[in-house]
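Novice: Below you will find the structure I want to go over with you.
Number of protein chains: 2
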Amino acid sequence: MIYLICMKNHQITIFDLARELNISKSTVSRVLTGHPNVHPDTRKRVLDLAEKLDYQRNMIAIQLATQQSKTIGIIIPEILSSYFPYVIAAIQEEAHKEGYNVLISQSNESYETEVTNAKVMLDNRVDGVIVSITKETLNFDHLKVFQKKGIPIVFFNRVCNEMVVPKVIVDDYEGAFGAVEHLILSGRKRIAHLSGPSSLAISVKRLNGYLAALKKHNIPADPELIISYDFSKEKIAIYVNHLINLKNPPDAIFAINDPTAIDTIQIIKKNGLRVPEDIAVVGFSDDYVSALIEPPLTTVAQPVREIGITAAQLLFDQIKKDSSQWKTPVKILKTKLIVRKSS
Amino acid sequence: MIYLICMKNHQITIFDLARELNISKSTVSRVLTGHPNVHPDTRKRVLDLAEKLDYQRNMIAIQLATQQSKTIGIIIPEILSSYFPYVIAAIQEEAHKEGYNVLISQSNESYETEVTNAKVMLDNRVDGVIVSITKETLNFDHLKVFQKKGIPIVFFNRVCNEMVVPKVIVDDYEGAFGAVEHLILSGRKRIAHLSGPSSLAISVKRLNGYLAALKKHNIPADPELIISYDFSKEKIAIYVNHLINLKNPPDAIFAINDPTAIDTIQIIKKNGLRVPEDIAVVGFSDDYVSALIEPPLTTVAQPVREIGITAAQLLFDQIKKDSSQWKTPVKILKTKLIVRKSS
DNA sequence: CTGTTTCATGGGAGCGGTCCCTAAAATTGG
DNA sequence: CCAATTTTAGGGACCGCTCCCATGAAACAG
Numbered sequence: 018m019i020y021l022i023c024m025k026n027h028q029i030t031i032f033d034l035a036r037e038l039n040i041s042k043s044t045v046s047r048v049l050t051g052h053p054n055v056h057p058d059t060r061k062r063v064l065d066l067a068e069k070l071d072y073q074r075n076m077i078a079i080q081l082a083t084q085q086s087k088t089i090g091i092i093i094p095e096i097l098s099s100y101f102p103y104v105i106a107a108i109q110e111e112a113h114k115e116g117y118n119v120l121i122s123q124s125n126e127s128y129e130t131e132v133t134n135a136k137v138m139l140d141n142r143v144d145g146v147i148v149s150i151t152k153e154t155l156n157f158d159h160l161k162v163f164q165k166k167g168i169p170i171v172f173f174n175r176v177c178n179e180m181v182v183p184k185v186i187v188d189d190y191e192g193a194f195g196a197v198e199h200l201i202l203s204g205r206k207r208i209a210h211l212s213g214p215s216s217l218a219i220s221v222k223r224l225n226g227y228l229a230a231l232k233k234h235n236i237p238a239d240p241e242l243i244i245s246y247d248f249s250k251e252k253i254a255i256y257v258n259h260l261i262n263l264k265n266p267p268d269a270i271f272a273i274n275d276p277t278a279i280d281t282i283q284i285i286k287k288n289g290l291r292v293p294e295d296i297a298v299v300g301f302s303d304d305y306v307s308a309l310i311e312p313p314l315t316t317v318a319q320p321v322r323e324i325g326i327t328a329a330q331l332l333f334d335q336i337k338k339d340s341s342q343w344k345t346p347v348k349i350l351k352t353k354l355i356v357r358k359s360s
Numbered sequence: 018m019i020y021l022i023c024m025k026n027h028q029i030t031i032f033d034l035a036r037e038l039n040i041s042k043s044t045v046s047r048v049l050t051g052h053p054n055v056h057p058d059t060r061k062r063v064l065d066l067a068e069k070l071d072y073q074r075n076m077i078a079i080q081l082a083t084q085q086s087k088t089i090g091i092i093i094p095e096i097l098s099s100y101f102p103y104v105i106a107a108i109q110e111e112a113h114k115e116g117y118n119v120l121i122s123q124s125n126e127s128y129e130t131e132v133t134n135a136k137v138m139l140d141n142r143v144d145g146v147i148v149s150i151t152k153e154t155l156n157f158d159h160l161k162v163f164q165k166k167g168i169p170i171v172f173f174n175r176v177c178n179e180m181v182v183p184k185v186i187v188d189d190y191e192g193a194f195g196a197v198e199h200l201i202l203s204g205r206k207r208i209a210h211l212s213g214p215s216s217l218a219i220s221v222k223r224l225n226g227y228l229a230a231l232k233k234h235n236i237p238a239d240p241e242l243i244i245s246y247d248f249s250k251e252k253i254a255i256y257v258n259h260l261i262n263l264k265n266p267p268d269a270i271f272a273i274n275d276p277t278a279i280d281t282i283q284i285i286k287k288n289g290l291r292v293p294e295d296i297a298v299v300g301f302s303d304d305y306v307s308a309l310i311e312p313p314l315t316t317v318a319q320p321v322r323e324i325g326i327t328a329a330q331l332l333f334d335q336i337k338k339d340s341s342q343w344k345t346p347v348k349i350l351k352t353k354l355i356v357r358k359s360s
């Protein structure tokens, strides 16, 4: 049997299959897309030949013809901490179940990069996008574009308050409240808080949880003990040392997240103080590391997999529906205090 | 001014721009692709209108027309350990510099999934692919397809010996040798080795390095102390307990990688033994966690960023060249022993 | 036995670009 | 000032596929 195939680029097209079988490309297309109205014999012949010639469909052509990229985008501030990889992994699983690819971009906590990444997503015609903003993001025009163009968007973790779209967050307030109350109930009197940039809602909510817990137990909030920083590694040492050297130093530190808490512990130890005897430390997120460090970190666990799955589901809910039917739920997932030896 | 634009899907095309300016879409295309032969005035008019109407190029159409996806694929066994995210981040940086997108897929250490992922990459017509195989991968047909189709492929970390393509690895043998010699020089006599699946070259090389170090120092290799396991979390406990309970137990354990070493330490501690006093432990890779655990882990550091950058560069070298000019270098990067308190 | 459905297939217009080929306009040189 | 050359712009095939429409054959009902 002589194949008439002309394999430019080593690639076989439906046209090659059609010519070989002396049928039209429409029929081949019908077989390949699972369209019902094809004679079983024809279907078999096409499928057999496709298999035999190792036909590989061209998703790019399909994307162009169907006007959907079958791709969703993820825009996150960074990929290296253990929180995000877990969420990504969960999103990817859901996406693959739906037959979607995932384009991941990290903004490196830079607003500029986030804007660029959003453009790349647009260029690539993603069918939807899941976003967690950088600490610098104050203007949201680059994200509102998605709304304007009718591309579904879902936020998680670090959300944008001024956009009415689906969001997945955890009960940061409750989580922080519980963590701080735990410190109070274990006898701590002067509890400091290493907070994040006030631009982020999570910073504000966790701070409010902290303040509420103090208030409930009639402990006056001391502004000296509340430090808001920008997540830059170098500055943690400065702030922790500052706290330690206060004339009335704290006996506990509640950190905005686990990486901060872990660094805090290292610095306290470097100063010759003990954790938790001299200063207790509590973090937020239950990163993979937190159970392994010495002392193991008390922290507020987030359901990372559930966050990813929920975000993906909210996105696909929108992708599948007409935009007029979109809902904008805000899913608030529960956190869980994990008490370990650092407190 | 009345715009004639017909914005199906809220998207503006070059045709819309052309009609609006009363010129041909060829000219618009020329402007947008930076082709030189365009009158400066025309160029400005096009650019201005594009800006004004917020024209967004359609990468999918471009990909189809130019026959390149401007996307590279990464196939890795998992994304959650700290080794891979660092490599990925480095690859992504390089890719973005070249104007390429990155499609990441994790095989979850499953051969089946790896095969599926390879197909997805092919479907999406990636211009090249960077691969680290699963522990199960013994057949490489799904990867040889890339070669056959002329799609550049680069391996890193876990490479395929039977394929002659560029690879990026570290000097596993030397690294293991140095780690074990370090244990010997610090007075350890019975050094066990928790090795990986023998299907992986890294397992074999690290094992050989281990054996060579013993030999050099005239320590007979005891088969009882060499355990090969499949990276499954559950089994580490069994093997470590087994080692501890030998009538002649080891005084040191060299683990194939850091996660294993970290788990090993936890289990030793659970057994009421001390690290390093009773048993020293050494790992491989210098994961982010390793410095933070108690005791901090002695380990063989890998240049993760350099691995990613090198792999990406080798890939782009091939992508840019005609396949007849492809070279197949194997870059062997240096490891570095980081001595901490676990040994 | 004929009119109406249903089924199987072919034809062809997109999808949104690129890029080659050609033609007209502008520039240059002798 | 005209031929030769270079710029600038347009036309249209093509990338590989989908999907609507048309057509003819087969199946069915009256």
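Read top to bottom, the protein sequences are chains A and B. Here the first sequence is numbered in this note's numbering, starting from 18 and rising by one per residue. Here the second sequence is numbered in this note's numbering, starting from 18 and rising by one per residue. Note that the Cβ used here is the ideal one computed from N, Cα and C, for glycine as well. The model shown is predicted, which means the values in this text are computed figures rather than measured ones.
#1: Rounded C-beta distance between L120 of chain A and G90 of chain A? I'm assuming under 8 Å.
#2: Using 9 Å as the limit for Cβ to Cβ distance, is L97 of chain A near chain B?
#3: To which residues of the same chain is K358 of chain B closer than 6 Å at the C-beta, ignoring the five residues directly before and after it?
#4: Using the beta-carbon of each residue, which ones in chain A are nearer than 7 Å to L139 of chain B?
#5: Rounding to the nearest angstrom, what Cα-Cα distance links V185 of chain B and N141 of chain A in this structure?
#6: From V45 of chain A to Q109 of chain B, what distance separates their C-alpha atoms?
#7: Under 9 Å between C-beta atoms, does L81 of chain A make it to chain B?
#8: Buried or exposed: A82 of chain A, going by 16 or more other Cβ atoms within 10 Å of its Cβ?
#9: From Q28 of chain A to D189 of chain A, what does the alpha carbon distance come to, in whole angstroms?
#10: What residue range is occupied by the uninterrupted alpha helix (DSSP H) comprising L260 of chain A?
#11: Taking 7 Å as the limit between beta carbons, can you name the residues of its chain near L228 of chain B, skipping five residues before and five after?
#12: Taking Cβ positions, are L354 of chain A and T315 of chain A nearer each other than 9 Å?
#13: Got a sec? Which residues, its chain only, sit under 6 Å from V171 of chain B by beta carbon, not counting five neighbours each side?
#14: My parser needs the beta strand (DSSP E) runs of 3 or more residues fully inside the stretch 126-207 of chain B; what are they?
#15: Please classify L350 of chain B: does DSSP put it in a helix, a strand, or coil?
#16: Assign L202 of chain A to buried or exposed, taking buried as 16 or more other Cβ atoms, counted over all protein chains shown, within 10 Å of its Cβ.
#17: Starting from F271 of chain A, follow its DSSP beta bridges and name the residues at the other end.
#18: Quick check: what's the CA-CA separation for I349 of chain B versus I324 of chain B?
#19: Using the Cα positions of V187 of chain B and I150 of chain B, report the straight-line distance between them to the nearest angstrom.
#20: Any beta carbon from chain B within less than 9 Å of Y388 of chain A's own beta carbon?
#21: Would Q335 of chain B be called buried (16 or more neighbouring beta carbons within 10 Å of its own) or exposed?
#22: I285 of chain B CB to nearest chain A CB: under 9 Å?
#23: Would DSSP call P320 of chain B helix, strand or coil?
#24: Grouping DSSP H, G and I as helix and E and B as strand, with all else coil, what is Q123 of chain B?
#25: Looking at C-alpha atoms only, which residue of B:Q73, B:N54 and B:I40 is the closest neighbour of R62 of chain B?
#26: Return the residue from the list A:M138, A:N274 and A:D33 that minimises the CA-CA distance to P117 of chain B.
#27: Taking Cβ-Cβ distances shorter than 7 Å, what residues in chain B pair up with Y103 of chain A?
#28: Who are the near neighbours of F173 of chain B in its chain, counting only those whose CB is closer than 6 Å to its CB and skipping five residues on each side?
#29: Please classify S124 of chain B as buried or exposed, where buried requires at least 16 neighbouring CB atoms within 10 angstroms.
#30: Near D247 of chain B, what residues of its chain come up, given a Cβ to Cβ distance below 7 Å and the 5 sequence neighbours on each side ignored?
#31: Rounded to the nearest angstrom, what separates L200 of chain A and V317 of chain A at their Cα positions?
#32: Would you decide whether G167 of chain B is buried or exposed? Buried here means 16 or more other CB atoms lie within 10 Å of its CB.
#33: Could you tell me whether the Cβ atoms of E129 of chain B and P94 of chain B are closer together than 9 Å?
#34: Based on the DSSP output, what are the partners of S245 of chain B in its beta bridges?
#35: Give the C-beta separation of I208 of chain A and V221 of chain A to the nearest angstrom, bearing in mind that I take them to be a contact with Cβ-Cβ under 8 Å.
Specialist: Based on what the coordinates show:
#1: Confirmed, about 5 Å.
#2: At least one CB atom of chain B sits nearer than 9 Å to the CB of L97 of chain A.
#3: Hits under 6 Å: P312 and P313.
#4: Result: Q73.
#5: Their Cα atoms are separated by approximately 30 Å.
#6: Going by the C-alpha atoms only, they are around 38 Å apart.
#7: So, interface residue.
#8: Result: exposed.
#9: Going by the C-alpha atoms only, they are around 52 Å apart.
#10: Taken as a continuous stretch (DSSP letters only), the alpha helix (DSSP H) holding L260 of chain A covers K250 to I261.
#11: Here the set comprises A238.
#12: Yes. Within cutoff.
#13: Taken in chain order, the residues that qualify are I147, P183, A328, L331 and L332.
#14: List check, beta strand (DSSP E) in window: 145-148, 170-173 and 184-187.
#15: It is a strand residue.
#16: Exposed is the call here.
#17: Bridge partners of F271 of chain A: A:H210 and A:V299.
#18: For the pair I349 of chain B and I324 of chain B, the Cα-to-Cα distance works out to about 9 Å.
#19: If you take the alpha carbons of V187 of chain B and I150 of chain B, they lie about 16 Å apart.
#20: Residue 388 of chain A cannot be examined here, being either before or after the span of chain A that is shown, 18 to 360.
#21: With 16 or more other Cβ atoms within 10 Å, it is buried.
#22: Not closer than 9 Å to any Cβ of chain A, the Cβ of I285 of chain B fails to qualify, so no.
#23: Coil at P320 of chain B, not helix or strand.
#24: Shown here, Q123 of chain B sits in a strand according to DSSP, grouped into three states.
#25: If we check each option's Cα against that of R62 of chain B, B:I40 comes out closest.
#26: Per the sequence shown, residue 117 of chain B should be read as Tyr rather than Pro. In terms of CA proximity to Y117 of chain B, A:M138 leads the group A:M138, A:N274 and A:D33.
#27: What Y103 of chain A touches in chain B: L97.
#28: The beta carbon of F173 of chain B sits closer than 6 Å to the beta carbons of S149, V185, I324 and A328 from its chain, once the five residues preceding and following it are set aside; these are given in chain order.
#29: Around the Cβ of S124 of chain B, a 10 Å sphere holds 16 or more other Cβ atoms; the residue is buried.
#30: The residues are K152 and P214.
#31: In this structure, the alpha-carbon of L200 of chain A lies about 12 Å from that of V317 of chain A.
#32: So G167 of chain B ends up on the exposed side.
#33: Taking a C-beta distance under 9 Å as the contact criterion, E129 of chain B and P94 of chain B do not qualify as a contact pair.
#34: Looking at the DSSP assignment, S245 of chain B forms a beta bridge with B:S212.
#35: Actually they do not touch by this definition, with Cβ atoms about 18 Å apart.
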